[in-house]
Amino acid sequence: ILMLAINGFKRFESQKVALMAQANATQANQSQQEKEDVVQDIGEEEKSNENTGILTLNGSNNSDNGFSQFKRMAEQYPETAAYLVKLWLNMDTHESNEALAVLPKMIPVESLVEVFANLDEKLKSQLKKASNLEVDSSSIARADGFIVSQMVDTFLVNTIVLPEDLKVLLSEMTMEECVECYRRDTRLGAAFINVLQTAQLGKLMTLRSEDEVNSLFSDGLSFSAENISYLAEKLPALLDSIRANKQKLRVPILDKALDLISVLGAEKESQIYNMLIASGDKEQILEATSKFYPSELLMNLPAESIRTLLNRFPTKERAVLIYSRPLEEQNLFFTAIGETGRLREIINTELAEIQSNERLKAQISKDKSKIWQKFVTTSREFIKRDSSIKEAANIVLENWLQEKGVHISGGDHESSAA
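Residue numbers (my numbering): 286 to 703.
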């Protein structure tokens, strides 16, 4: 595909210097004024193109920005564009997922239909998840820079000629699979570190120890054509073995786990987590706990974290929340609040009012599941956004998973969350 891309993109050669300059400029020189221009242009374009949902980048030549380049590629060489999309999906970094989320908002869907048709069902599912990321003017600018740099890296900089079937295989390989291949056969390291893209290597390095990274760099210096031949010979069987072992554990219900957690709600989600843990599918477990922090762990957080989460809950609903919970959890809330202080005084006053109102007590009892679900939802969102409480929450989560036989590291969970 790389040779096809280079031949098909001969017109890009005349723009090589411009592309390289744009990649550097987009990544290093995004000024505040440019971001403000993007916001203004998005607002104007949304008004004039409400039916298309297409946004444009202001202050850039539409024929030269990353989205326009990708649009032309998608329309003229959909298989080549699909090759890039596969790379980004399997790269699974924040930057690649952000670019995938922005693409359908910047490029007409009809230009992407043939590209997405080249994806298998698993990759289409990943694409759907990536599309749920929130997009703003800053993410659009970053995505444009990412796309330009990827096209430069893939079609203008990387000159290693690979067999066609090997290129396809590499585009479909996840970084976790790459790590497992290297673990099983370290002789693959020299080829991996020379043929993978920079962004892929960055993700790979985060998944390996310092000694293994040093070994990879050392192996890379001895790279030769023999390493490519060895990679082409060994990689297919290795990937088949890794995927076959994983498939034995995977059943269709696991793919519905995230949707089920959302549908069943906080009070019944434990059944889904038990199923995921029993399956041994570490990837799904990490994905589920990253998106839906287990509600049963919220009250296991340190007192200061519980207090922080309570402070983020609507003021008029805090006493109602506490009253709706079992006595043990009420005591945990009181410990977090403290015995004295303005917040404790307010809570005590409101609890006294609830105790004297039979009608209100009955209503709270009826709505206790909804009340808890609201607290869980607001807490999950805050844990995702706030780094200080997220760190404490991840420690509790990792201990919980280890108690259940799922052994992970902080890096594993951060990778999944990303």
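We put the beta carbon where it would ideally sit given N, CA and C, even for glycine. This structure is a prediction, so every number in the text was calculated from the model and none was measured.
Can you check whether the CB of residue 356 is closer than 8 angstroms to the CB of residue 408?
Not a contact, by the Cβ cut-off of 8 angstroms.
Kindly indicate which residue of 382, 590, 660 has the alpha-carbon position closest to the one of residue 610.
If we check each option's Cα against that of residue 610, 660 comes out closest.
Taking the continuous alpha helix (DSSP H) assigned at residue 379, which residues delimit it?
First-last of the alpha helix (DSSP H) with residue 379: 379 to 391.
Taking the beta carbon of residue 382 as the centre, do at least 16 other beta carbons fall within 10 Å, making it buried, or is it exposed?
By the 10 Å Cβ count, residue 382 comes out buried.
How would you label residue 678, buried or exposed, when you count the other beta carbons within 10 angstroms and need 16 or more for buried?
That one is buried.
Use the C-beta contact count for residue 605: other C-beta atoms within 10 angstroms, 16 or more gives buried, fewer gives exposed.
Its Cβ being crowded by 16 or more others within 10 Å, residue 605 is buried.
For residue 553, which of helix, strand or coil comes out of DSSP?
Note: residue 553 maps to coil in three-state DSSP.
Going by the CB atoms, is the gap between residue 502 and residue 597 shorter than 8 angstroms?
No, Cβ-Cβ distance for residue 597 and residue 502 is not below 8 angstroms.
One question on the structure: do residue 504 and residue 478 come within less than 8 angstroms of each other, judged by their Cβ atoms?
Cβ atoms of residue 504 and residue 478: closer than 8 angstroms.
Hey, residue 685 and residue 582: beta-carbon distance below 8 angstroms or not?
Contact: yes.
So, using beta-carbon positions, are residue 691 and residue 562 closer together than 8 angstroms?
Yes, the Cβ-Cβ distance between residue 691 and residue 562 is below 8 angstroms.
Considering only the beta carbon of each residue, do residue 454 and residue 520 sit closer than 8 angstroms?
Cβ distance < 8 angstroms, so residue 454 and residue 520 count as in contact.
Does the region 565 to 577 touch the region 546 to 556, meaning 3 or more C-beta pairs lie closer than 8 angstroms?
Judged by Cβ distances under 8 angstroms, the region 546 to 556 makes contact with the region 565 to 577, as three or more pairs qualify.
Using only CA atoms, which one of 378, 636, 556, 480 lies nearest to residue 415?
When each option's Cα is compared against that of residue 415, the closest is 378.
Check residue 482 in the structure and name its three-state DSSP category.
Here residue 482 sits in coil by DSSP.
Residues in its own chain within less than 7 angstroms of residue 555 by CB, not counting five upstream and five downstream?
Answer for residue 555: 581, listed in chain order.
Assign residue 687 to one of two classes, buried (16 or more other C-beta atoms within 10 Å of its C-beta) or exposed (fewer than that).
With fewer than 16 Cβ atoms within 10 Å of its Cβ, residue 687 is classed as exposed.
Go ahead and label residue 434 buried or exposed: buried means 16 or more other beta carbons lie within 10 angstroms of its beta carbon, across all protein chains shown.
When all chains shown are included, residue 434 counts as buried.
My guess is that residue 463 and residue 489 are in contact by the Cβ rule of under 8 angstroms, so how many angstroms apart are they, rounded?
Confirmed, about 6 angstroms.
Applying the 10 Å Cβ sphere with the 16-neighbour rule, what's the burial state of residue 480?
It is buried - the Cβ of residue 480 has at least 16 other Cβ atoms within 10 Å.
With a threshold of 6 angstroms on Cβ separation, who are the neighbours of residue 587 within its own chain once the five nearest residues in sequence on each side are excluded?
So the list reads 677, once near-sequence residues are dropped.
On the three-state DSSP scale, how would you describe residue 344?
Because residue 344 carries a pLDDT of 40, less than 50, the predicted location of this residue cannot be relied on, and the following value inherits that uncertainty. Residue state, collapsed to three classes: coil.
By DSSP, does residue 498 sit in helix, in strand, or in coil?
Helix at residue 498.
Might you give, ordered along the chain, the residues of its own chain that have their beta carbon closer than 6 angstroms to the beta carbon of residue 459, omitting 5 neighbours on each side?
Counting only Cβ-Cβ distances below 6 angstroms, and skipping sequence neighbours, we find 375.
Do you know how far the Cα of residue 421 is from the Cα of residue 671?
Rounded to the nearest angstrom, the two C-alpha atoms are 19 angstroms apart.
When the distance is taken between beta carbons, is residue 620 closer than 8 angstroms to residue 674?
In this structure, residue 620 does not lie closer than 8 angstroms to residue 674 by Cβ.
Identify whether residue 600 lies in helix, strand or coil by the three-state DSSP scheme.
Of the three classes helix, strand and coil, the one that applies to residue 600 here is helix, per DSSP.
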